[in-house]
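Structure first, then comments.
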Amino acid sequence: MIATTFLHDVAVYTEGRVSKVVINGALEITDFETKQVTNNNLVLNYIVPVSDVTLITLIELKDSADNLISSNTVNVPITSDTFMLQTLKVKEATF
1 MIATTFLHDV AVYTEGRVSK VVINGALEIT DFETKQVTNN NLVLNYIVPV SDVTLITLIE
61 LKDSADNLIS SNTVNVPITS DTFMLQTLKV KEATF
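Under the UniProt record's numbering, the first residue of the sequence shown is numbered 1, with each subsequent residue one higher.
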């Protein structure tokens, strides 16, 4: 079993690495309303402007060197400026 404090440390490390959200491989968002760790969860809040995108099909988290941290295929229609909540949960894998 992995210690809870270590899982929290990994979440804090990930928080430090994430520098941007990339929407559909093109729109880079670097301004976060919230970027914080609670327990083992990294919580990100950001706004997707309707003027830049009307349908989100891919959400990527990247570091400052443009290295991929996380990638999610989605289908999110955007009809107005949209406040997004994204959570990354760090947990021990069980098999």
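We put the CB at the ideal spot given by N, CA and C, even for glycine.
- Take the alpha-carbon of S51 and the one of M1: they are about 47 Å apart.
- N72 places its beta carbon 7 Å or farther from that of I56.
- Under DSSP, M84 forms a beta bridge with Y46.
- L88 is the residue among N67, A3, L88, V74 whose C-alpha sits nearest the C-alpha of V37.
- By the 16-neighbour rule on beta-carbons within 10 angstroms, I23 is buried.
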